[in-house]
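J.: Supplied in structure tokens, the structure appears directly below.
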């Protein structure tokens, strides 16, 4: 190797100059690569916190608001004149939330993206849905069964077209979050490799100089080595901590949140089916089948004694969830049997009694009360998981940006060290 | 209970009085032969019911045992203290829940109460249970309900599984069209139009027959869904039971009944085949209901506005 270098460069100063160039290129490459790779990750981490996770959560919230609007509209329809103002307000708030979040999603996604397509579809359908619900109310207030038919038609639009579109929006936004996550949490191996290579070259150069000049220390090269070593440690430590934080945000925040969102939707859909069964006033048994389907998905298969086995989404949502969320989910799981029992009771009674059991405006022993209590617990769990995500992912991008800048500065220092160190030796030949 | 006893006596007395009429008349009331005379007297606005085929609709009632309160089934109901009736809550003016009062109302509901009065002496001793169209027969067979009073058409197919009372209403299939539509006949109302009917109904079968020249046929779960689609401009004409067609017209002043009544049929009360004692009592109530003006009063209250002031075309 020495031989070859000698052949290549001839004289000693030439060799020194060549070594200087190689070392400078190596440390600067390390600096540039670190700055580039780390800032890419910092940007992705920043997007996760400021854009893709909020958009993904917004999409889930759009879905939930729409499903909640449908459930609430059916409840209000059943109670007709007895419906408390709170129910009407909840329905209006749901529609307002959905419209607001759709506008936000439209503003924050670019026009060609897939998400934009579903946003547009939902924007188109939302006023139509609201119109159908109002027709239902107006007809019902006149005492016409046609009102019920409108309510069922509105719900069919919601469950059959709007919610599937909203689901696709959720999936598109989730894909974007996953993409940002995989970029942000990718370890910058190339930068690290160049850091180690530069460090190795510096050490090797110093060993050669030691043999030739018998000077133990070259302060310039030593400083350069220290700068590169610091850069390598900072790079590995900084990115490792960022990756761990993001991994925590993902596996204890975003991932369980997705399962939880699914549970919340299944609870809403079970509730809608229960309401529509009464809206149809015995005109259809498809809503009973819907109840079976959604409640089974939510809480597991029904056993012969009426209890539930296998857990369903409610149990799956607890997996990897933070403690607060798990506690809330356990509460929710304890509340489900009360709901299920009341539902069965309603099924067995005549219409007036069933109506009291399902939506009874003043009762506490109603399905409505059980569902609301369960939904509240699920909401608590969602807030806890969102908090974990924010706590873990927050500041990751700042740390990474600092690292990118720091690595650049360290590389420049190292390059200066190389210039000083080898310049001294070169001067000896003049 | 005293009140109940007195009613029992009334029923018994009546049973004796009309015994002769029963033996001969019940059969007559059940056949279609009584109908043709009324066609001429029907006003132009009212739908005209052509004479049914004398055979094939299975609406003829086999004479049951003479009515009494001592039969097995009637005793069972009396011991229970309430008559369980399967009804619909969505058929406007027939059986529907008034959102204001929360009460079930309509022609079928009044008839059910008349039966409860005869069986238990109190029209209030009644439990209404909603049954879906496809579940009507099952509900009767497994004893979930004692009777089904739910605009139910008597036909041969159903008679294999359940028994029917004497007919209490003559119906058929009618078209519902927008007021502006040309539909002097059912054929004209359907030609080139987007038609709508409820699934598993006689209307669906009829619309699938070739020859109507419909541009499309939409099948929905409930006939009322057709009215929603018609209001939203997605279909042009709906074919359904004439009773339900009238109920649709009653809910939307911009639509009307169009064309003639096709596939004439009769409506009866469904019950279990072995409950012959209950069938006899129900038939007795139907006779009394006609005779004491209850039927006409209920028609005037619920149906006259949408089906015409003359009830003649609809008399069983």
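Residue numbers (the numbering used here), protein chains in the order written: chain A, 1 to 430; chain B, 431 to 746. We put the CB at the ideal spot given by N, CA and C, even for glycine.
Let me check one thing: in DSSP terms, what residues is residue 608/B bridge-paired to?
T.: Its beta-bridge partners are 685/B.
J.: Please return the same chain residues whose Cβ sits closer than 7 angstroms to the Cβ of residue 502/B, not counting the five positions on each side in sequence.
T.: 707
J.: What's the gap between the Cα of residue 345/A and the Cα of residue 365/A?
T.: 11 angstroms
J.: Could you say if the stretch 49 to 58 of chain A and the stretch 319 to 337 of chain A meet the contact criterion of at least three C-beta pairs nearer than 8 angstroms?
T.: no
J.: By the 10 Å Cβ neighbour count, where 16 or more other Cβ atoms means buried, how is residue 394/A classified, buried or exposed?
T.: Residue 394/A counts as exposed, since fewer than 16 other beta carbons sit within 10 angstroms of its beta carbon.
J.: Less than 9 angstroms separating the beta-carbons of residue 504/B and residue 498/B?
T.: yes
J.: Could you name the residues of the same chain whose beta carbon sits closer than 6 angstroms to that of residue 422/A, not counting the 5 residues immediately before and after it, in chain order?
T.: 16, 20
J.: Would you please verify whether the beta carbon of residue 614/B is less than 9 angstroms from any beta carbon of chain A?
T.: no
J.: Put residue 416/A into one of helix, strand or coil per three-state DSSP.
T.: Three-state result, residue 416/A: helix.
J.: Given a cut-off of 9 angstroms, decide if residue 375/A and residue 299/A are closer than it, judged by their beta-carbon atoms.
T.: The answer is no: Cβ separation not under 9 angstroms.
J.: If you scan the stretch 537 to 572 of chain B from start to end, which runs of the alpha helix (DSSP H) of 4 or more residues do you find wholly inside it?
T.: 537 to 550, 566 to 571
J.: Spatial neighbours of residue 98/A within its chain, please: CB distance less than 8 angstroms, with the 5 preceding and 5 following residues excluded, ordered by chain position.
T.: In its chain, beyond the 5 residues on either side, 62, 65, 66, 69, 122, 126 have a beta carbon closer than 8 angstroms to the beta carbon of residue 98/A.
J.: Would you call the CB atoms of residue 400/A and residue 239/A closer than 9 angstroms?
T.: yes
J.: Within 10 angstroms of its Cβ, does residue 609/B collect 16 or more other Cβ (buried), or is it exposed?
T.: exposed
J.: Applying a beta-carbon distance threshold of less than 8 angstroms, which residues of chain A neighbour residue 529/B?
T.: 80, 81, 140, 141, 143, 147
J.: Just verifying my parser: in three-state terms, what is the DSSP assignment at residue 579/B?
T.: Three-state result, residue 579/B: coil.
J.: Comparing alpha-carbon positions, which option in 392/A, 59/A, 12/A lies nearest residue 248/A?
T.: 392/A
J.: Measuring CB to CB, does residue 31/A end up less than 9 angstroms from residue 415/A?
T.: yes
J.: Residue 605/B and residue 728/B look like a contact to me (Cβ under 8 angstroms); what is the Cβ gap, rounded to whole Å?
T.: Going by Cβ atoms, the distance from residue 605/B to residue 728/B rounds to 25 angstroms, so no, they are not a contact pair.
J.: Looking at chain A, is there any beta carbon in it that lies within less than 9 angstroms of the beta carbon of residue 657/B?
T.: Residue 657/B counts as touching chain A.
J.: Using the three-state DSSP reduction, which class does residue 216/A fall into: helix, strand or coil?
T.: For residue 216/A, the three-state secondary structure derived from DSSP is coil.
J.: Would you say residue 35/A and residue 404/A are within 9 angstroms of each other, going by their C-beta atoms?
T.: Yes, Cβ-Cβ distance for residue 35/A and residue 404/A is below 9 angstroms.
J.: Quick check on residue 124/A - is its C-beta less than 9 angstroms from some C-beta in chain B?
T.: no
J.: Under 8 angstroms Cβ to Cβ from residue 434/A, same chain only, skipping five residues before and after it: list those, please.
T.: Beyond the ends of chain A as shown, which are 1 and 430, falls residue 434/A; an answer cannot be given.
J.: Answer yes or no: does any C-beta atom of chain A fall closer than 9 angstroms to that of residue 475/B?
T.: With a pLDDT of 39 at residue 475/B, under the threshold of 50, the modelled position of this residue cannot be trusted; read the value that follows with caution. False, the Cβ-Cβ gap to chain A never drops below 9 angstroms.
J.: Cβ of residue 351/A less than 9 angstroms from any chain B Cβ?
T.: Under the Cβ criterion of 9 angstroms, residue 351/A is counted among the residues facing chain B.
J.: I'd like to confirm the pairing. Which residues does DSSP put opposite residue 521/B in its beta bridges?
T.: The partner list for residue 521/B (beta bridge, DSSP) reads 525/B.
J.: Three-state secondary structure (DSSP) at residue 602/B?
T.: strand
J.: As a quick exercise: from 218/A, 37/A, 139/A, pick the residue whose alpha carbon is nearest that of residue 77/A.
T.: Nearest neighbour of residue 77/A by Cα position, chosen from 218/A, 37/A, 139/A, turns out to be 139/A.
J.: Which residues in the same chain have their Cβ closer than 6 angstroms to the Cβ of residue 261/A, if we skip the five residues on either side of it in sequence?
T.: 60
J.: Output the distance between the C-alpha atoms of residue 187/A and residue 180/A, rounded to the nearest integer angstrom.
T.: Between residue 187/A and residue 180/A, the C-alpha separation is close to 13 angstroms.
J.: What residue from 281/A, 318/A, 378/A has the CA that sits closest to residue 349/A's CA?
T.: 281/A
J.: Against residue 285/A, what residues of chain B qualify as contacts under a CB-to-CB distance less than 9 angstroms, listed in chain order?
T.: Residues of chain B passing the Cβ test: 562, 564, 565.
J.: Can the beta-carbon of residue 736/B be found closer than 9 angstroms to that of residue 726/B?
T.: no
J.: So which residues on chain B does residue 150/A lean against when the C-beta distance must stay under 7 angstroms?
T.: 658
J.: Is the CB of residue 519/B under 9 angstroms away from at least one CB in chain A?
T.: It does: the Cβ of residue 519/B has a partner Cβ on chain A nearer than 9 angstroms.
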